[in-house]
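Student: Would you mind keeping the following structure in view while I ask a few things?
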Amino acid sequence: MRRAPLPCRLIVGLIVAALGAPMAAQAQSLWRPDPPPGARSATRLDVARALEAQIEAGLETGAVDTEVADFYRDRNFRPLWAPGRLRLDVDRLAEALGVEIEAEVRDPWRLAEIELALSQAYARGAGQVSELGDEADGVALAYVDPGLRQPQESGGRARLEAAAEAPTVGHLLAEQRRSDPRGGPRNRYHEDLARALEQYRAQWAGLPEVRIAPGRDLTPGTKGARVDQLRARLGLPETGEPYDGLLVEAVSAFQRAHGLEPTGAADAATIRALNAGPAHYERLIEINLERAKALPASFGDRYLLVDAAAGELWFHEHGEVALNMKVVVGKPDQPTPMMAGMVRHLIFNPYWNVPEDLVRTSIAPKVLARGLSYVEDEGLEVLADYTDDAPVLNPAKVDWKAVAAGTLSVRVRQKPGPKNMMGKVKLMLPNPLGIYLHDTPHKGDFARSQRLASSGCVRLEDAMRLAKLLVDEDRAEAALAVGGEERQIDLEAPVPVYITYFTAMPTETGLVFRPDVYGRDAAFAARRAQAEAAPAAD
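Written as structure tokens, this is what we have:
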């Protein structure tokens, strides 16, 4: 989630009684109890005075945004996030903005700090890619290189003014999902998805949601009640006739719009899609619209886009697709993260430093089972540590039973060669997640329809072809020819790479809906349903 930096992590306590507003009976457990007799609670005027002092001081130090200050001046520093208005939704607002809820806050100065922190975060766009958006929520994109700027929210004052008009936070969060708070142009993926959503609604949203009973595939010539249900579902008149040419055309159109093979026959996959209903597919498109919003409006002259859901990579150059290839991405339990970085250098004839968990769970058991010959056969070498000049150890002197048990840690790397897991080249994008793009000797993996086999990195179908486009063919060939030694070539201009996860995307022949192999759509939909349920309780 794109969170604005706060001066410190605040523990938020927005208390109904503390601001003098009546407390709803059902909210008693969420807020502090009524103050004891004689105790004085902060009034709105107390909070407004403290807020004015904090804003004026913050302007001098640069800690307060000018748009936020202007917003409060024009309302005489009257608090915006009053619990009397927001009631039960205030905890969801604080969660969306990356702050926590705490009860028993009476001090007006502290309440003003809370008020200001919420407004600063909201005005800067914290929590806005989705209103809940960290990686687990399925739409956030981590920008991991300082050379890439994350799309910024704009119009902080306008956002606060809109928030002031919303009756509850539930309504506010629902409106966020329907609108785009960032001004300016949109990238091509966002535009394509927005157009596809509009077209989808126009063509499919108004059809009757008639459920087709389970049974065999429906094909031309078939007749019966299920054929009548199919006609009704597709908005055709119920004639009682067998499956005819008109129904074939309607089914084919539905299949093209839902990423299915347009056979014209209603097989099990087609019937499942018909029974899912248009709202299901609209939600999928909307979720992917959120993902597209996290990408920049302009990608520059050269960039790489990896779609983990599709298992493909595109290299764009001078406005054209210069190269498209299949990729292998992370297994469902080790998903490739959604992230944006910069390919800054390439390493030819790379070593592969085996992750410590694999040394323990895979390498050590195989050495114990097959003997020390396994180390030589696989081109492995054992080192004392992870420094650049780490001494090489004799594998015969390593206690492999201790390594397998996890009581001894050693560094194992695979030397350049035909068995090296990195293949001939890897594309390095510095990032704290340890993710990069690389070649692989396991070319058979690219024949799979779902290419989920890595530990999170991206394996390339034709890494050398991409490398030659990035650094020049002659330099790439020369680097490979240096006796199997590792060679690094820095890019004159780093190339952005965006790793995303589009489970819905329009193509020339219609929309394609892809399996949600990482469960990100489901996570986002569940959180959205939770948020949408709240306004009904207002």
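Going by the numbering used here, the sequence shown wraps up at 538, each residue one higher than the last.
Ideal Cβ placement from N, Cα and C applies to all residues, glycine included.
Values in this document were obtained by computation on a predicted structure and should not be read as measured data.
According to DSSP, is Leu466 part of a helix, a strand, or is it coil?
Tutor: helix
Student: Smallest Cα separation from Pro214: which of Thr503, Arg459 and Asn275?
Tutor: Asn275
Student: Nearest to Ala257 by alpha carbon, out of Leu511, Tyr518 and Asp516?
Tutor: Leu511
Student: Going straight from the alpha carbon of Glu238 to that of Arg231, what length do you get?
Tutor: Distance between the alpha carbons of Glu238 and Arg231 is about 6 Å.
Student: Measure the Cβ-Cβ separation of Ala627 and Ile285 and say whether it is below 8 Å.
Tutor: Outside the shown range of the chain, which is 1 to 538, sits residue 627, and nothing can be said about it.
Student: Would you identify the three-state DSSP class for Gln602, choosing helix, strand or coil?
Tutor: Nothing can be reported for residue 602, as the shown portion of the chain is limited to 1 through 538.
Student: Note the first and the last residue of the continuous beta strand (DSSP E) segment covering Tyr498.
Tutor: Arg487 to Thr500
Student: Pull up the DSSP beta-bridge partners for Trp314, would you.
Tutor: Leu305 and Asn324
Student: Quick check on the burial criterion: 16 or more other C-beta atoms within 10 angstroms. Buried or exposed for Val425?
Tutor: buried
Student: Rounded to whole angstroms, what is the Cα-Cα separation between Arg360 and Tyr518?
Tutor: The alpha-carbon atoms of Arg360 and Tyr518 are separated by roughly 26 Å.
Student: By Cβ distance below 7 Å, which residues in the same chain neighbour Val398 in space, the five residues on each side in sequence not counted?
Tutor: Val382 and Val410.
Student: Determine the direct distance from the alpha carbon of Ala292 to that of Gly156, and round the result to whole angstroms.
Tutor: 21 Å
Student: Express the C-alpha separation of Val367 and Gln120 in angstroms, rounding to a whole number.
Tutor: Just so you know, the alpha carbons of Gln120 and Val367 end up roughly 57 Å apart.
Student: What does a CB cutoff of less than 6 Å around Asp228 pick up in its chain, not counting 5 residues either side in sequence?
Tutor: Result list for Asp228: Glu238, in chain order.
Student: Taking the alpha helix (DSSP H) that Arg226 falls in, what are its first and last residues?
Tutor: Here the alpha helix (DSSP H) through Arg226 covers Ala225 to Arg233.
Student: Could you give the first and the last residue of the continuous alpha helix (DSSP H) run that contains His190?
Tutor: Arg188 to Trp204
Student: Three or more C-beta pairs closer than 8 Å, one from the stretch 446–466 and one from the stretch 326–345: is that the case here?
Tutor: yes
Student: Would a C-beta distance cut-off of 8 Å place Ala343 and Pro146 closer than the cut-off?
Tutor: Checking the sequence shown, residue 343 turns out to be Val, not Ala. It is not a contact, given that the beta carbons lie outside the stated cut-off.
Student: Give me the Cα-Cα distance between Tyr351 and His318, rounded to the nearest whole angstrom.
Tutor: 33 Å
Student: Is the distance from the Cβ of Leu552 to the Cβ of Leu234 below 8 Å?
Tutor: Residue 552 lies beyond the range of the chain shown here (1 to 538); nothing can be said about it.
Student: Just the Cα atoms here: how many angstroms apart are Phe77 and Phe502?
Tutor: 43 Å
Student: Tell me which same chain residues have a C-beta within less than 7 Å of the C-beta of His345, skipping the five on either side of it?
Tutor: Met428, Gln488, Ile489, Asp490 and Leu491
Student: What does a CB cutoff of less than 6 Å around Thr440 pick up in its chain, not counting 5 residues either side in sequence?
Tutor: Gly423 and Arg459
Student: Less than 8 Å between the C-beta atoms of Tyr243 and Pro262, yes or no?
Tutor: no
Student: Can you tell me whether Leu86 is buried or exposed? The criterion is at least 16 other CB atoms within 10 Å of its CB, across all chains shown.
Tutor: Any answer about Leu86 is weak, because its pLDDT of 44 lies below 50 and its placement is not dependable; what the coordinates show is given next. If you draw a 10 Å sphere on the C-beta of Leu86, you find 16 or more other C-beta atoms in it, and that means buried.
Student: Which whole-angstrom value describes the C-beta separation of Tyr281 and Phe524, a residue pair presumed to lie in contact below a C-beta threshold of 8 Å?
Tutor: So it is not a contact: roughly 15 Å between Cβ atoms.
Student: Need the endpoints of the alpha helix (DSSP H) that Arg256 sits in, please.
Tutor: Gly245 to Ala257
Student: Taking 8 Å as the cut-off, decide whether the C-beta atoms of Gly341 and Val497 are in contact.
Tutor: yes
Student: At the 8 Å Cβ level, is Leu51 part of the contact set with chain C, yes or no?
Tutor: Chain labels in this structure do not include chain C; a single protein chain is all it has.
Student: Assign Arg344 to one of three DSSP states: helix, strand, or coil.
Tutor: Note: Arg344 maps to strand in three-state DSSP.
Student: Who are Gly510's beta bridge partners in DSSP?
Tutor: Paired residue(s): Thr507.
Student: Using 8 Å for Cβ pairs, my map puts Val412 next to Ile363. What's the rounded Cβ distance?
Tutor: 5 Å
Student: Just tell me which of Tyr200, Gln150, Arg186 and Ala123 has its CA closest to the CA of Ala162.
Tutor: Ala123
Student: Just to confirm the assignment: which complete alpha helix (DSSP H) runs, minimum length 4, are found wholly within the stretch 335–414?
Tutor: Taken in chain order, the whole alpha helix (DSSP H) runs of length 4 or more contained in the stretch 335–414 are 364–370, 373–377 and 400–405.
Student: Once DSSP output is grouped into helix, strand and coil, what is the label at Leu427?
Tutor: In this structure, Leu427 counts as strand in the three-state DSSP scheme.
Student: Comparing C-alpha positions only, which one of Ala463, Arg216, Arg302 and Glu508 sits nearest to Ala266?
Tutor: Answer by Cα proximity: Arg216.
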